Amino acid sequence: MKVVDLLREKGGAVSTVPKSLKLSECVIVMSDQNLGSLVVIENGDVVGLLTFREVINILAKRQKELRQGPTPPVAELLVGQVMIKNPITASLRDGVSEVHDLMIRNHQRYVPVVEDGRLVGIISFYDISRVIIESHVRENELLKSYIGEFPEVKI
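Numbers 2 to 156, taken from the numbering used here, label the letters of the sequence shown in order.
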């Protein structure tokens with residue numbers, strides 16, 4: 002399966018923000034819209050990715066500094082200060098399995114999809130896992146039907 006197939010199935014909706022936006026505003030948007038990530042755009046290009054992981058990391062850093070260290074208060078932080086800079090991206094022609102491998106190697110749970118320099122969607126580790134599991138279930142069902150009488154195993 003290709004990324005284009007996955008996006009066709011799930012849709013290409015993606016939320017973007019500029020790197021100059023306050024982190025606190027992004028947290029509200031992410032919470033209100035139940036988003037795990039926001040793609041950071043500058044002059045039409047993908048320059049970063051903000052996920053709840055970066056939000057949690059900056060909150061933990063502030064807490065470890067007992068809220069008095071060199072890290073600015075969360076209300077003053079801008080997206081550009083905490084985002085993943087130059088995240089890995091995928092194209093519509095990429096295979097889902099190869100994007101899955103990239104996500105694992107880079108510890109990146111969300112991947113913006115860029116085609117001809119334009120952001121066309123975003124896929125998550127959940128999206129890819131769902132597709133892989135559905136594929137395995139279909140394959141398992143085909144094998145069972147090929148074999149014939151196959152005993153059901155309850156787990």
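Every residue, glycine too, gets a C-beta built ideally from N, C-alpha and C. What you are looking at is a predicted structure, and each value in this text was computed from that prediction instead of being measured.
Item	Value
Residues near P113 by beta carbon distance below 8 Å, same chain, minus five either side	V15, V40, V47, L50, P88, T90, A91, L120, G122 and I123
Beta-carbon proximity check, L24 vs V80, cutoff 7 Å	yes
Reduced DSSP secondary structure (H/G/I, E/B, other) of A61	helix
Neighbourhood of K20 by C-beta, 7 Å cutoff - its chain only, sequence neighbours within 5 removed	V41, E43, V48, G49, L79, V80, G81 and M84
Start-to-end residues for the beta strand (DSSP E) that takes in E43	S38 to E43
Cut-off 8 Å between Cβ atoms - residues of its own chain near L8, not counting five sequence neighbours on either side	L93, V114, V121, G122 and I124
Exposed unless 16 or more other CB atoms sit within 10 angstroms - verdict on Y127	exposed
I105: first and last residue of the uninterrupted alpha helix (DSSP H) it sits in	V97 to N107
Proximity to M2 [Cα-Cα], best of L143, D33, V132 and E153	V132
At least three beta-carbon pairs within less than 8 Å, the stretch 95–111 to the stretch 50–61	yes
Own chain partners of Q34 with C-beta closer than 8 Å, once the 5 adjacent residues on each side are dropped	S16
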